[in-house]
Every structure is written in structure tokens, then in C-alpha cells.
Amino acid sequence: MNWKMRNWIIWVGFVAGLVCIPLATNNYYQYIINLIFVNFLVALGLAIMLGYCGQFVFASAGFMGIGAYTAGLCMVHLGMPYWLALICAVLVGLVFAVFLGFIGLRLSRYYLAISTMAFTLAMRFFYVNAKVVTFGPSGFNIPFPKLFGFGFNTDRRVYYIVLFVVLILAILSRNILRSKVGRAFVAIRDNEDVAAAGSISVRQYKMLALAMGGVLGSAAGALYCVVLGRITPEEFGMGAILLHFLIVVIGGLGTFLGLIISSILITILPEVLRAFAELQEVLYGGIIILIILFGPEGIYGLVQKYSPVKWREKMYGDV
Amino acid sequence: MCESKRKGDYFHSEGVVVNFGGLRALNNVSLSVGENEIRGLIGPNGAGKSTFFNVATGYVKASSGGTFFEGENISGLKPHEVAKRGIIRTFQKRGILPGLTVLENVLIGYHRLLPEMKLWHIGLRLKRFKTLEKKAIVEALEVIESVGLRDVSDQLARDLSFGQQTLVEIGRALISRPKLLLLDEPAAGLSSSEREHVSRLLKRLAHSHGVSLIISDHVMDFVMDVCENLSVLNFGEILAEGPADYIRQHPRVLEAYIGTG
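For the protein sequence lines, the chains are A and B, in the order given.
Going by the working numbering, the first sequence opens with residue 4, and the numbers climb by one from there.
Going by the working numbering, the second sequence opens with residue 2, and the numbers climb by one from there.
Take a look at the structure:
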């Protein structure tokens, strides 16, 4: 099969390129690249809930905080190795997502938006005030992850953890989206009644979308804490929600490639504009307004409109 | 009251009453469809045809009365549970999924036949996934061909004409191997050649695939051509039932449609 060979070569080249990135970076650039990966992962979770499944769930920062705090605290308080803390973080994130689903999915879309946002803010409130466990508003330092005695104590080394986790979760998500599950998500987004007429259990699939968002968000959080080396509750509030929302909207709701491009853009932007740090949120807001006005389908839509090559993500598997 | 309860009825409703606020949308509607029967459901606008479809498929709960399929009471089931049992419907306002292509729209209908495709098969791209997905795609393309949409199978459903969207929806219904098919105004927006094509398709479905159909439509030529028996709804009540020729001359039906002079 010719296209199969070609796909494999592209994939191997792509992954090899990613593996080689640290050869060409210094610590600062590497840190930014690590952030791009983390932002991509959490935005992917949001994109699944919001872009694919059409559910107004603003809990990405909440899930991310749960992941970061669970992983960090498991390491600090319980002395867990990082890989175990990561798994714990994902499981706790999943539990919270399901819990949120049980409550939130009974509500209509606006109330779902408000209740998930409230969840995010409540979690932040908890980190600030449960000082005995979470060390309060000033946060805490995360120890370097170690694996078989090898310390991941530089940004370049941490990158390989990030790369490994993000690649696995992204491939799994992509596989899941390009199947009956992705089709069911989009069907629910487009018309719940029609989805149900296709024997799709709307509630069950919404729950699945939320669970995927919870897993990806909390995994991203667990990575985030080692990328940063120190976390504070401030990282997981409204500003973070806005950032994730921006990545998804700029990428074009629910497309993979658009998401990658916009994760890069949105992560680099504040670094480039460091001199105007106070204006960051104004800038974000401005960008969102511009996109809503001029390109509601984001980068994906622009490519569709102007590129000679039409690229659209298929919602079925390569078989 | 329950005169429609006969042995061997494939699908039947008994004394279905639906109230919307103070309005009685359906009043004591009893209707039965046998195996491989094509039943027409006609009546003026607002007579309750779509409401009946909504009750039969679980979208609207009846205030009283019940619906039965293959000898089981299906009244309390949710829409997707009804669909799982093989009662598949289409929608009057074209139930297409605008953001999906024709092929993907049709594949939505195949969802019913993929219960053994589990999440881990999908996530890890196991052989099970590939076999099932391939079968689904092949069948979907066949169905698309059979409804005459081969040339647009990769287009987004929102870019199609109303008639083509109707065909997409019929395709989605066909692929799910329905036992009972409820079509809400399938002929609306179709050209006469498309109409002929669809009517042939539906007859073949009933006669060689053993599917029962309930067709609600305003296009009388189409209904009279396809359906063996008709039920006439007016103001939420069954006005008359019988073979097409009988209904055509029924004085009360004429009165309901044309009005008394």
C-alpha cells in the first residue's frame, strides 16, 4: 500500500524531528516549547468538549489545576515517583470530570457553562485556602522527576517526559476522534435529536467527551507542574481559561492541525510581547473579538478559504 | 377503545394522548402497522402527524396510552433506545448534520450496528476496529450510491440542496437496517425523478427486505403510489383508515382536506 508507506515515513520523520528539538535550543527556548506542548494538550481537551461535542464546559483550567496539584502534592507529601503521581493525577482528573458530568450535563448549556466555570474558580479557592495541604496562595516547589536514577533536572530533559505523554495522549485522542466516537460528538454538536435517531446515547457520549477533557486537562496539569518547577493557585484561574479558550477558537473549533498552530502562536505571543505584560488579557480579548468578526472558523477556516489544498479532518478511520 | 390491538401487530399504538399545554395534539390515536406494510399517514398541517412520530420514537412523552413494538411496550424508552431496537426515523426539517460530509452523515446511521466496537479497539486501532470501520465505510458508500449521491459523498451536508439532504437522511435511515422506518415528509423538495427513485427504493425495502414503513407526507401522488394503506389524521384524531382507493373517496377525508362548501 503506497499511502500507508508514505504515512509511516511522514510519521517517523515527524517524531524524529520532535525528538531532535532539544539539540537546537537553549534552556529558555526549550521551556517555551515545553509550554507549547502542555498548552496544546489542555486545549485539545477543551477542543473535544467544546469544538467537537459542542458542550460549553469551561473547566479546562480546573482539570489542569487538579492534575498539577495532585501530581505535585503526591510527590511532595507522599514521596511518590513522578510517573505514579502522573497516573494518580489523571485518575483524579477523570473522577472529577465524571462527577462534574453527573451534575452539569443535566443542566442546559448556559448553566453548564456557568457551573463548570464555578468549578474552576472553586478549585482555585481551595488551593488558596487549604494551606495545610496545598501550601496556600504562594504555592510550592515541585521536585525534579526521577526515573531509574536519572534526574530530569533541566528543561531539555523534562521535554522528553512532556513529549512522551503528549504524543501518546494526542495519538489516542486522534484515533478516538476519527471513528464512530468523533462522529457521535459532532452529531451531538450539530443536532442532538438526529444523533439520538442514529441510536447514539447523547448523555453517554457527552460524558465521554467530558472524561476525555478531564484526562487530557489533568495530564497537562501534571506536566505543567514539572515544566514550571513551582505552581501557585494563580495559574489555574480565569486567565488560564481564557488562554485555553483562545487557543481553541483561533485553531478553529475542533481541528487538530489548527490546534497545533494556534498553541504555538498563543504560547509564543506573550513571550514576544513581554514588554506589555499588563496588557496581555486585553490583547487576548481583542484577538477573540477580531476572530469572531473576521474569521469565525479560525486558522482552519482561513486555510479552507485561501489555500489551494483543501484539507478537512476525516471523521472516519484510515482503513 | 383498544380496537387496534390485534394479534401479530408489528407496531401499534393504543389510545395515545398528547397535550401541549392546553392543546390536545393527539387524541386517542390507535394505529397499527404489520410486518412489511407500508402505511401512509396523511392529514392537513397541524393534524398531529409529526407529533405521532415523536411519540413513537420517544421524543415526546404521551400523556396517556402507549406504543408497542414486537410485542413489547416501548412507551417509556428514550429516543436512542427506540432507535437501537430498529425503529428509525427521519425529520421533517431535514435531520442532517451540517458539519459532516454525506459519507459521515450516513455513517451515523451505522452507529446502531457497531456496539461491539469498543473504545480500546478504537484508541489502539486494533484489528477489530479496522475490520468493522472498513465494513461500515463500504456499506455506507453502497447506500450512498443507491440513493444517488455518489458524486457528492465527500461534500459537507450543509452545502447540498434540500432534495439531496432528504436523500442523505434516507441514506442514514437505510444503512441502519431498520425494522420499522418512519419517514416524515420524505418527498418534500424532491424532483419528480428523485421522487420516483425514492418510491422504488422504499417499495423494495418493504418487499424484499421485510421493513415496515410509516410515511407521512403531503405529496398525495407519492403517498398513494407507495403506500398500501393510509391513516388520516385530523385535529389529532384518526379520521379514517383503509386502502388508498377507499381513502381517496372517503367523504370525511375530502371534507377535512377541501372543507365543506
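Glycine residues also receive a C-beta, built at the ideal position from the N, C-alpha and C atoms.
**Q.** Partners in chain B for V189 (chain A), counting only beta-carbon separations shorter than 7 angstroms
**A.** By 1-based counting over the first sequence, the position of residue 189 (chain A) is 186. Chain B residues near V189 (chain A): L98, G100 and L101.
Q | S232 (chain B) burial status per 10 Å Cβ neighbour count (16 or more: buried) | A | Start at 1 with the first residue of the second sequence, and residue 232 (chain B) comes out as number 231. S232 (chain B) is buried by the Cβ-count criterion.
Q | Alpha-carbon to alpha-carbon, K317 (chain A) and V139 (chain B) | A | Position 138 of the second sequence, counting from 1, holds the residue named residue 139 (chain B). Position 314 of the first sequence, counting from 1, holds the residue named residue 317 (chain A). Answer to the nearest angstrom: the Cα atoms are 15 angstroms apart.
Q.
So, under 8 angstroms CB-CB, R173 (chain B) and N235 (chain B) are touching, yes? Tell me the CB distance rounded to an integer number of Å.
A. Here residue 173 (chain B) corresponds to residue number 172 of the second sequence, with the count starting at 1. Here residue 235 (chain B) corresponds to residue number 234 of the second sequence, with the count starting at 1. Incorrect: roughly 31 angstroms between the Cβ atoms, too far for contact.
Q) Near R160 (chain A), which residues of its chain fall below 7 angstroms by C-beta distance, leaving aside the five closest residues on each side in sequence? A) The residue given as residue 160 (chain A) occupies position 157 in the first sequence. No residues qualify anywhere along the chain.
Q) According to DSSP, is G67 (chain B) helix, strand or coil? A) What you label residue 67 (chain B) is simply residue 66 of the second sequence in a count that begins at 1. Strand, per DSSP.
Q) What is the DSSP secondary structure of G1 (chain A), counted as helix, strand or coil? A) No answer is possible for residue 1 (chain A): it lies beyond the span of chain A, which begins at 4 and ends at 322.
Q.
I need the DSSP call for T102 (chain B), collapsed to helix, strand or coil.
A. The residue you call residue 102 (chain B) lines up with position 101 of the second sequence. Strand at T102 (chain B).
**Q.** Cβ-based burial, I12 (chain A) [other Cβ within 10 Å; buried from 16]
**A.** In the first sequence, the residue the question calls residue 12 (chain A) occupies position 9. I12 (chain A) should be labelled exposed.
**Q.** Whole-angstrom distance between G22 (chain B) and G44 (chain B), CA atom to CA atom
**A.** Along the second sequence, read from residue 1 onward, the residue named residue 44 (chain B) stands at position 43. Along the second sequence, read from residue 1 onward, the residue named residue 22 (chain B) stands at position 21. Taken atom to atom, the span from the alpha-carbon of G44 (chain B) to that of G22 (chain B) is near 22 angstroms.
Q: Pull up the distance between the alpha-carbon of R90 (chain B) and that of H251 (chain B), whole angstroms please.
A: Within the second sequence, numbered from 1, the residue matching residue 90 (chain B) stands at position 89. Within the second sequence, numbered from 1, the residue matching residue 251 (chain B) stands at position 250. If I take the Cα positions, the gap works out to 29 angstroms.
Q. Secondary structure at E15 (chain B), three-state DSSP: helix, strand or coil?
A. Position 14 of the second sequence, counted from the first residue, corresponds to residue 15 (chain B). DSSP, read as helix, strand or coil, puts E15 (chain B) in strand.
Q) Using the C-alpha atoms, what's the distance from V212 (chain B) back to L206 (chain B)? A) Here residue 206 (chain B) refers to the residue found at position 205 of the second sequence. Here residue 212 (chain B) refers to the residue found at position 211 of the second sequence. Each residue's Cα considered, the two are about 6 angstroms apart.
Q) Are the beta-carbon atoms belonging to V19 (chain B) and A63 (chain B) less than 7 angstroms from one another? A) For this step, residue 19 (chain B) is matched to residue 18 along the second sequence. For this step, residue 63 (chain B) is matched to residue 62 along the second sequence. In this structure, A63 (chain B) lies closer than 7 angstroms to V19 (chain B) by Cβ.
Q) Does the separation of the CB atoms of I271 (chain A) and I302 (chain A) fall below 7 angstroms? A) Within the first sequence, residue 271 (chain A) is the residue found at index 268, counting from 1. Within the first sequence, residue 302 (chain A) is the residue found at index 299, counting from 1. No; because the gap between Cβ atoms is not below 7 angstroms, this pair is not in contact.
**Q.** First through last residue of the beta strand (DSSP E) which encompasses R159 (chain B)
**A.** Stepping through the second sequence from its first residue, residue 159 (chain B) is reached at position 158. It is not in any beta strand (DSSP E) - R159 (chain B) carries neither H nor E in the DSSP assignment.
Q) If you follow the beta strand (DSSP E) that A269 (chain B) is part of, which residue opens it and which one closes it? A) Nothing in the structure corresponds to residue 269 (chain B), since chain B is present only between 2 and 262.
(Q) On the criterion of 16 or more Cβ atoms from any shown chain inside 10 Å, does E73 (chain B) qualify as buried, or is it exposed? (A) In the second sequence, the residue the question calls residue 73 (chain B) occupies position 72. Classification of E73 (chain B): exposed, given that the 10 Å Cβ count is below 16.
Q. Three or more beta-carbon pairs under 8 angstroms between the stretch 186 to 202 of chain A and the stretch 110 to 122 of chain B, yes or no?
A. yes
Q: Check whether the Cβ of G110 (chain B) lies closer than 7 angstroms to any Cβ atom in chain A.
A: Against the second sequence, residue 110 (chain B) aligns to sequence position 109. It does; some Cβ of chain A falls within 7 angstroms.
Q.
Residues in the same chain with beta-carbon distance under 8 angstroms from G48 (chain A), minus the five sequence neighbours each way, listed in chain order, please.
A. In the first sequence, the residue the question calls residue 48 (chain A) occupies position 45. Closer than 8 angstroms at Cβ, skipping near neighbours: S63, F66, M215, G216, G217, V218, L219, G220 and A223.
Q. Counting only beta-carbon atoms, is E134 (chain B) nearer than 7 angstroms to chain A?
A. Stepping through the second sequence from its first residue, residue 134 (chain B) is reached at position 133. At least one chain A Cβ lies under 7 angstroms of E134 (chain B).
Q. According to the neighbour-count rule (16 or more other Cβ atoms, all chains shown, within 10 Å of its Cβ), is N178 (chain A) buried or exposed?
A. Counted from its first residue, the first sequence places residue 178 (chain A) at position 175. Classification of N178 (chain A): buried, given that the 10 Å Cβ count is 16 or more.
Q: Check whether the Cβ of I24 (chain A) lies closer than 7 angstroms to any Cβ atom in chain B.
A: Numbered from its first residue, the first sequence carries residue 24 (chain A) at position 21. I24 (chain A) does not count as touching chain B.
Q) Within the 7 angstroms Cβ cut-off, does V306 (chain A) reach chain B? A) For the purposes of this step, residue 306 (chain A) is identified with residue 303 of the first sequence, where counting begins at 1. Contacts with chain B at 7 angstroms (Cβ-Cβ) do not include V306 (chain A).
Q. Would you say A200 (chain A) reaches chain B, if we count a Cβ-Cβ gap shorter than 7 angstroms as a contact?
A. Counting from 1 along the first sequence, the entry for residue 200 (chain A) is found at position 197. Interface residue, yes.
Q.
Let me see if you follow: with CB-CB separation under 7 angstroms, is I216 (chain B) close to chain A or not?
A. By one-based count along the second sequence, residue 216 (chain B) stands at place 215. With 7 angstroms as the cut-off, I216 (chain B) does not count as an interface residue toward chain A.
Q) Residues of chain B with CB under 7 angstroms from V169 (chain A), in chain order? A) Here residue 169 (chain A) refers to the residue found at position 166 of the first sequence. Residues of chain B passing the Cβ test: none, with the nearest at roughly 16 angstroms.
Q. Excluding the five sequence neighbours on either side, which residues of its own chain have a C-beta within less than 7 angstroms of the C-beta of M2 (chain B), listed in chain order?
A. Along the second sequence, read from residue 1 onward, the residue named residue 2 (chain B) stands at position 1. Because M2 (chain B) sits at a pLDDT of 38, beneath the cut-off of 50, its placement in the model cannot be relied upon, and the following sentence gives the value as read from the coordinates. If we look at M2 (chain B) and ignore the five residues flanking it on each side, its Cβ neighbours are G16.
Q) Under 6 angstroms from any heavy atom of the ligand ATP, does the C-beta of L293 (chain A) make it? A) With respect to the ligand ATP, the structure offers nothing, as it holds no ligand at all.
Q: Could you tell me which chain B residues have their CB closer than 7 angstroms to the CB of L175 (chain A), listed as they occur along the chain?
A: Here the question's residue 175 (chain A) lines up with position 172 in the first sequence. Correct list: G124.
Q | Span separating the alpha-carbon of G149 (chain B) from that of Y162 (chain A) | A | For the purposes of this step, residue 149 (chain B) is taken as the residue at position 148 of the second sequence. For the purposes of this step, residue 162 (chain A) is taken as the residue at position 159 of the first sequence. Annotation: G149 (chain B) to Y162 (chain A) spans about 52 angstroms, alpha carbon to alpha carbon.
Q. Which residue or residues does DSSP assign as beta-bridge partners of N235 (chain B)?
A. Locating residue 235 (chain B) in the second sequence gives position 234, where the first residue counts as 1. Beta-bridge pairing by DSSP links N235 (chain B) to B:E238.
Q: Could you spell out the range, first to last residue, of the alpha helix (DSSP H) harbouring D222 (chain B)?
A: Position 221 of the second sequence, counted from the first residue, corresponds to residue 222 (chain B). D222 (chain B) -> alpha helix (DSSP H) spans M221 to V227.
(Q) By the 9 angstroms beta-carbon criterion, what residues does the stretch 199 to 218 of chain A contribute toward chain B? (A) Listed by position along the chain: A199, A200, G201, S202, I203, S204, V205, R206, Q207 and L211.
Q: Report the three-state DSSP secondary structure of N74 (chain B) (helix, strand or coil).
A: What you label residue 74 (chain B) is simply residue 73 of the second sequence in a count that begins at 1. Strand.
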